[in-house]
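Reviewing the structure listed below.
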Amino acid sequence: MGDARLTGQVLIFDADDTLWENNVVFERVIEDFLDWVDHPVLDRDRIRALLNEIEAANAVAHGYGSKVFLRSLGECLERLRERPATREEARRIDELALAFAEHRVELMPGVAHTLDELGGRHELLLLTKGDAEEQSRKVEASGLAGRFRGVHIVPEKAVDTYRGLIAHYGFAPEAAWMIGNSPKSDIIPAREAGMSAVFIPNDNTWVLEQSEIDPADERVLRLTAFPELLRHF
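The sequence shown begins at 91 in the numbering used here and counts up one residue at a time.
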């Protein structure tokens, strides 16, 4: 893109781990869970692999969010113990859930200022997936909702999600950019829908959101921090 900034674009933003930290809380809970379950045969990596497998299945069947995540922890525990969880074990999982109730929405550095600047020359939309109630709470707590023309909470992000957004607003896909940290949910399906994309990696991105991005795709802009958007848009 060079140093020339684009104007008059439609910028669509992911929320979790793009505008604010999210998965780091899940990772902390997983570490506490692994410390607790300590298995006589399986090491931490193999238990984590089992949990990833259970999470992937539950994401398809039940969606995303902390409630589904805690369900996955319970199922993982039962698989490891080869029996239903005891009352004490269920209470321990409930204690792990306190991390989500206590977590405050923490914006990434420079997010509010960057959105304010971008909003003066582009149309901004927010697209996030997960449990509608949970995501709505986070959007409200972030204080960012008023910066977007529309806020869309969907159960999943697939190519049809992006095509639906194009149809809803009537914008040209070649003038639209999806901005996010997830190759699987943000970058690849947006590109398949004809949009361009901005990939801003997050070290704490959920393992199930990882996927390979074509390194030769010139319509994927790779940045290292959110405020860098101002150099290009």
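Yeah, the Cβ is synthetic: ideal placement off N, Cα and C, and Gly gets one too. Keep in mind it's a predicted model, so treat the numbers as computed, not measured.
C-alpha gap between residue i and residue j, whole angstroms
{"i": "Arg182", "j": "Pro174", "result": "14 Å"}
{"i": "Pro317", "j": "Glu207", "result": "10 Å"}
{"i": "His322", "j": "Leu101", "result": "12 Å"}
{"i": "Gly209", "j": "Leu215", "result": "10 Å"}
{"i": "Glu299", "j": "Asp307", "result": "19 Å"}
{"i": "Ala262", "j": "Thr218", "result": "21 Å"}
{"i": "Leu320", "j": "Val201", "result": "11 Å"}
{"i": "Glu121", "j": "Pro199", "result": "25 Å"}
{"i": "Thr295", "j": "Glu179", "result": "28 Å"}
{"i": "Pro233", "j": "Pro245", "result": "Per the sequence shown, the amino acid found at residue 233 is Gly instead of Pro. Near 22 Å, if we compare the C-alpha coordinates of Pro245 and Gly233."}
{"i": "Asp128", "j": "Val114", "result": "22 Å"}
Extent of the continuous alpha helix (DSSP H) to which residue i belongs
{"i": "Ala149", "result": "Arg134 to His152"}
{"i": "Ser232", "result": "Ala222 to Ser232"}
{"i": "His258", "result": "Val249 to Tyr259"}
{"i": "Gly164", "result": "Ser156 to Arg171"}
{"i": "Ile290", "result": "It is not in any alpha helix (DSSP H) - Ile290 carries neither H nor E in the DSSP assignment."}
{"i": "Phe123", "result": "Asn113 to Val127"}
C-beta contact flag for residue i and residue j at 8 Å
{"i": "Arg138", "j": "Leu124", "result": "yes"}
{"i": "Thr108", "j": "Arg211", "result": "no"}
{"i": "Pro279", "j": "Ser301", "result": "no"}
{"i": "Gly236", "j": "Tyr154", "result": "no"}
{"i": "Leu140", "j": "Arg169", "result": "yes"}
{"i": "Phe103", "j": "Ser156", "result": "no"}
{"i": "Gly287", "j": "Trp267", "result": "A small correction: the amino acid at residue 287 is Ala; Gly does not occupy that position in the sequence shown. Yes."}
For residue i, the first and last residue of its enclosing beta strand (DSSP E)
{"i": "Lys219", "result": "Glu213 to Lys219"}
{"i": "Arg326", "result": "Because the chain in this structure spans residues 91 to 323, residue 326 falls outside the shown range and cannot be described."}
{"i": "Leu319", "result": "Segment: none, Leu319 is in no beta strand (DSSP E) and carries neither H nor E."}
Residue-chain proximity (residue i, chain B), Cβ-Cβ < 8 Å
{"i": "Ile137", "result": "You won't find chain B in this structure, because it holds only one protein chain."}
Pairing CB atoms from the stretch 308 to 321 with CB atoms from the stretch 139 to 150, are three or more of them under 8 Å?
Counting Cβ pairs under 8 Å, fewer than three are found: no touch.
Could you say if the stretch 240 to 256 and the stretch 291 to 303 meet the contact criterion of at least three C-beta pairs nearer than 8 Å?
No, they do not touch.
Pairs of beta-carbons, one from the stretch 246 to 256 and one from the stretch 183 to 198, closer than 8 Å: are there three or more?
Judged by Cβ distances under 8 Å, the stretch 246 to 256 makes no contact with the stretch 183 to 198, as fewer than three pairs qualify.
Inspect the CB distances between the stretch 162 to 173 and the stretch 256 to 268 and report whether three or more fall short of 8 Å.
As far as the Cβ criterion goes, the stretch 162 to 173 does not touch the stretch 256 to 268, which means the pair count is below three.
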